[in-house]
Structures are given as structure tokens and as C-alpha cells.
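S.K.: Before I ask anything, here is the structure I am working with.
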Amino acid sequence: MQWKKEVVDLPLVKLSQYLVSGGLFFTLIIQQYSIFIVLLFCGCILFIQDFYFRKIADKIMLENVKGRERLLIEDETSLKFTFFNSGLPIWQASLTVVFDDAVEPLVGDNHHYQSHNEVIIPLTLRTNKKYTVSIPIKARHRGLMKVRKLQLRIPNLFGVGTVFLSLDEPYLEEKIVYPKFHHVLGELYSSSQRLGNVPTPQTLFQDPFSPVGTREYRYGDSFQHIHWKASARSQALHTKVFETTADHSWLVIVNVVEHYSITRDLEEIITGTTYLIEKAFEENHSYSLAINVRSINKRPYYFLPLGSGKEQRRKALDFLSTLSKNDATIPVSVMQQQLLRSGQIPSVSIYIGNETEEVQSGLRLINSKATTIYTLDLSEKQGVLKEWNNNYLQKQG
Numbered sequence: 108m109q110w111k112k113e114v115v116d117l118p119l120v121k122l123s124q125y126l127v128s129g130g131l132f133f134t135l136i137i138q139q140y141s142i143f144i145v146l147l148f149c150g151c152i153l154f155i156q157d158f159y160f161r162k163i164a165d166k167i168m169l170e171n172v173k174g175r176e177r178l179l180i181e182d183e184t185s186l187k188f189t190f191f192n193s194g195l196p197i198w199q200a201s202l203t204v205v206f207d208d209a210v211e212p213l214v215g216d217n218h219h220y221q222s223h224n225e226v227i228i229p230l231t232l233r234t235n236k237k238y239t240v241s242i243p244i245k246a247r248h249r250g251l252m253k254v255r256k257l258q259l260r261i262p263n264l265f266g267v268g269t270v271f272l273s274l275d276e277p278y279l280e281e282k283i284v285y286p287k288f289h290h291v292l293g294e295l296y297s298s299s300q301r302l303g304n305v306p307t308p309q310t311l312f313q314d315p316f317s318p319v320g321t322r323e324y325r326y327g328d329s330f331q332h333i334h335w336k337a338s339a340r341s342q343a344l345h346t347k348v349f350e351t352t353a354d355h356s357w358l359v360i361v362n363v364v365e366h367y368s369i370t371r372d373l374e375e376i377i378t379g380t381t382y383l384i385e386k387a388f389e390e391n392h393s394y395s396l397a398i399n400v401r402s403i404n405k406r407p408y409y410f411l412p413l414g415s416g417k418e419q420r421r422k423a424l425d426f427l428s429t430l431s432k433n434d435a436t437i438p439v440s441v442m443q444q445q446l447l448r449s450g451q452i453p454s455v456s457i458y459i460g461n462e463t464e465e466v467q468s469g470l471r472l473i474n475s476k477a478t479t480i481y482t483l484d485l486s487e488k489q490g491v492l493k494e495w496n497n498n499y500l501q502k503q504g
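For the sequence shown, our numbering gives the first residue as 108, with consecutive numbering after it.
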């Protein structure tokens, strides 16, 4: 564990040491032994103080284990710091913690400034003892909470000078607050006219890797689908029966740009997108997510590949929780073109965000890939899912 140590009032301590040393020498010369004893006592105090300042940070350890706790708005939890002191005891110290205001402290001497909270807590660390500081907190708004500053303030035993120990490495425990969402009006209807992996009775497609039984051979059945073992047992030709499947997956396209900058409706867009993610999770839909925020991965924008279940939900909500108005973006038209080139357009596409003529042009191309397009209209208070009309163009405000 590395601490950055800063000693305040050290020049005054050094000056006192020089004066006491000079006084000791002078009183010996003039044979003032009573004054010499007093100065010697003061010198011992200064020596102990200097030794204390030098050694105070050598044996203080802070448990720093990587972790991320996920919260919903209004959830309560605690921020914990565990110290172990195997060196000199520390009395009347204080711990200062500065962290992002996605959560707010519920107790202690705390202050809020800009986008951070500061909490100051008294602290005593005895020798060879483990001590855990727990700060109750409450999730305030979506975002990622990191500890930005962790500092111990240790006063001198004799009241002259102070030592500040600042953590010289990132504190690894984080809290992430998921965005809120509310129900959106409208329903999504998936087409059964494309091959997929969802069992669907009303479809023409069969999954050749999912046999579910056999039936008697009919004229026109494929020769390669004859079940020879069943045919031998019954002395009549039998054909394999396969599960009928269709593609019910979604592609969620999120545009966070308006007039070359992050839209002022960012929170509403995130709220609507969160609803779709929760809906897909509850109904066990597979979905992919594309957001025109710049990324350093293979694609120049954020893209979550097709998936479903808890892990898919976690990845999507983690990213939505950390979206910021300061993020770099790319034109949504560039993202649309790359999605088309990938050839991975499912049966349902959902567009969220500002519509322009350029966006409309990209949606027409996506629509030509036999996909049904829905848009999430956020101009209504609750939000409405509507099937896209390519003759409709949202007026710019």
C-alpha cells in the first residue's frame, strides 16, 4: 500500500530542534544544569515527535479489493474502508473521503461541491488492530461512483505539526447506480417469417439441428431427412420432424446526438432504453444494442452483440449508467451504415433518438432488410412505441 505523506508545520519543528540543541550547548558552557535538564526534556519530546512523524505511515495498510456493487435509485448500502495498523498507534486522527455524487452520505460531517461529496470521520488506529470505517450511503441518481480522494489527517502527539497521508493509488471498490425506467405505451410484434432460434408454431422455418420426433414418410419429403433407424423398426419409411423456429430478436439503435452534440433529452432516452432492456429480460428476448458514442473497440461506436439473460442485461445497464454529456460521439448515419454492412439485422429494429432526413434514409435501408422498425416517441410524457412510417419526418425544434 502506498501513501503519499505530507508534513505540515515541519519548519517550525525543525527550528525548535535547532533552538533546543543550541540551548543545550550554551547551558553546558555556563553550567546552568537546571535549565539544561528542562531543555533536555524538550529535546526528547522533539525527538519522539520527529520519530513519530517519520514512522507513522510505514505500517498502515488499507484493504483495496476490486469490486462493483450495483444499485437502484433510492437503494441504501455502505461504503467501507478497512485499515490494519501494525506500527505506532494513532489517536485523534480523521479520515477524509471524496467520492462521486451518484450516491449521497447519510451520516457524518459531509459537504457537497460540484459533482462530489466529501465526508470527514474521526478515526483511531491502535497497534495490531483491524478497524473498519463504514459510511452509510443512498443511491441518488444514475452513474458510476468512484472514490476520488482518501486521506488520513494525523495530528502530532504534542500538538505541533500534522501529517497528511493520501492514498497514492486508485481505490478499487465502485458503486454503480442503474437508471430508472417507467412503462412505455405500445407493443412490439416480431415477424415469424425469418429463420431464428425461438420455437414458433406459426412459421415455415425448421431448425435442422433440433429434431423433435418422426412421422410417416410423405411424398415430397427430403430424402436426407429420412430416419433410417425408425424406418427399419417399423418396416415403413419415417421422416424426421424438426422444431419450427423464427427470429424474434431485436436491434436497439440509440442516437444520443442532436445538432452535433449530446442531446438535451439524454436522460429521457436512457430511461426509454432501460425500459426496453427490462422488457427483453422479462420476456427472454435476444437483443443487440448500438449507441453512437465513440468506442475504442473493433467498432467505432458502442455495440453490445446479440444476447439475452442476466449477463446481457448487466452489460447493457452498466453502460447506460455511465453515459455522460461529455462523451465523444459519432454521426448516427455512420453507425447505421456499419450495422447494415455487418449483415446482422434481426426481425425487429427499434430506433430511439432524434430523427433527421439522414436518419430516415438509414432507416429505409434497414427496413429493406425485411425488418420491422419501431420508434420510441419521447415527446409524450410516458413514451410511446410506434411502428415506423417512412413517410413521417419528425419536425426539428
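Every residue, glycine too, gets a C-beta built ideally from N, C-alpha and C.
#1: Could you give the first and the last residue of the continuous beta strand (DSSP E) run that contains Arg175?
#2: Following the continuous beta strand (DSSP E) through Ile376, name the residue where it begins and the one where it ends.
#3: Check the DSSP bridge columns for Leu230 and list the partner residues they point to.
#4: Taking the beta carbon of Tyr285 as the centre, do at least 16 other beta carbons fall within 10 Å, making it buried, or is it exposed?
#5: Does the distance from the C-beta atom of Arg202 to that of Leu230 stay below 7 Å?
#6: Can you give the beta carbon distance from Ser454 to Thr478, rounded, assuming they're within the 8 Å contact cut?
#7: Smallest Cα separation from Gly414: which of Glu365, Ala397 and Val270?
#8: Let me confirm a value: Gly268 is counted as buried when at least 16 other C-beta atoms fall within 10 Å, else exposed. Which label applies?
#9: Using a Cβ distance threshold of 8 Å, determine whether the stretch 358 to 366 contacts the stretch 387 to 402, with at least three qualifying pairs required.
#10: Pick out whichever of Lys488, Lys493 and Ile473 has its Cα sitting closest to the Cα of Thr482.
#11: Can you give me the C-alpha to C-alpha distance between Asn235 and Phe410, rounded to a whole angstrom?
#12: Considering only residues of the same chain and omitting the five flanking positions on each side of Ile197, which have a CB-CB separation below 6 Å?
#13: Considering Cα atoms alone, identify which of Pro243, Lys237 and Asn433 is closest to Lys282.
#14: In whole angstroms, what is the alpha-carbon distance linking Leu295 and Tyr408?
#15: Please give the ranges of any beta strand (DSSP E) in the stretch 382 to 448, keeping only runs that are unbroken, at least 3 residues long and fully inside the region.
#16: Within its chain, find whatever has a CB closer than 8 Å to the CB of Ser222; leave out the 5 residues flanking it on each side and keep chain order.
#17: What are the residues that DSSP puts in a beta bridge with Leu274?
#18: Does the Cβ of His505 have 16 or more other Cβ atoms within 10 Å, making it buried, or fewer, making it exposed?
#19: Inspect the CB distances between the stretch 164 to 179 and the stretch 268 to 280 and report whether three or more fall short of 8 Å.
#20: Quickly, what does DSSP pair Trp495 with across the bridge? List them, please.
#21: Excluding sequence positions up to five away, which residues of its chain have a Cβ less than 8 Å from the Cβ of Ser486?
#22: From Ile180 to Ala246, what distance separates their C-alpha atoms?
#23: If you count every other CB in all the chains shown that lies within 10 Å of the CB of Val466, and 16 or more means buried, which is it?
#24: Let me make sure I understand the geometry here. Which of Ser193, Lys287, Gly460 and Asp165 has the alpha-carbon closest to that of Leu373?
#25: Per DSSP, Lys256 is paired with what?
#26: For Val214 and Arg255, which I take to be in contact (beta-carbon distance under 8 Å), what is that distance rounded to the nearest angstrom?
#27: Of all the options Thr463, Leu427, Gly450 and Tyr367, which has the alpha carbon lying nearest to the alpha carbon of Lys476?
#28: Mapping the DSSP letters down to three states, classify Ser468 as helix, strand or coil.
#29: Considering only residues of the same chain and omitting the five flanking positions on each side of Ile437, which have a CB-CB separation below 7 Å?
#30: For Gln443, count neighbouring C-beta atoms within 10 Å of its own C-beta (all shown protein chains included) and say buried if the count is 16 or more, exposed if not.
#31: Tell me which residue opens and which closes the beta strand (DSSP E) that Asn263 is part of.
#32: I'd like the list of long-range same chain contacts for Asp275, defined as Cβ closer than 7 Å, with 5 residues on each side in sequence excluded.
#33: Would you identify the three-state DSSP class for Asn474, choosing helix, strand or coil?
#34: Could you check whether Ile480 and Leu470 sit closer than 7 Å to each other, using their CB atoms as the reference points?
#35: To the nearest angstrom, how far is the alpha carbon of Pro306 from that of Leu447?
M.R.: Quick answer:
#1: Gly174 to Leu179
#2: Under the DSSP assignment, Ile376 falls outside any beta strand (DSSP E), being part of the alpha helix (DSSP H) whose first and last residues are Leu373 to Glu389.
#3: Ala200
#4: buried
#5: Before going further, note that residue 202 is Leu rather than Arg in the sequence given. Taking 7 Å as the Cβ cut-off, Leu202 and Leu230 qualify as a contacting pair.
#6: 6 Å
#7: Ala397
#8: Gly268 sits buried, since 16 or more C-beta atoms from the chains shown fall within 10 Å of its C-beta.
#9: yes
#10: Lys493
#11: 50 Å
#12: Leu232 and Ile261
#13: If we check each option's Cα against that of Lys282, Pro243 comes out closest.
#14: 26 Å
#15: 394 to 401 and 408 to 414
#16: Asp207 and Asp208
#17: Trp110
#18: Outside the displayed range of the chain (108 to 504) lies residue 505, so it cannot be described from this structure.
#19: yes
#20: Per DSSP, none; premise fails for Trp495.
#21: none
#22: 5 Å
#23: buried
#24: Answer by Cα proximity: Gly460.
#25: Val205
#26: Contact flag wrong, Cβ pair sits at about 20 Å.
#27: Ranking the options by Cα distance to Lys476, first place goes to Gly450.
#28: Helix at Ser468.
#29: Asn399, Arg401, Pro407 and Tyr408
#30: buried
#31: DSSP places Asn263 outside any beta strand (DSSP E), giving it a letter other than H or E.
#32: Gln109, Trp110 and Lys111
#33: helix
#34: yes
#35: The predicted model places Pro306 with a pLDDT of 43, which falls under 50 and marks its position as unreliable, so this point remains unresolved.
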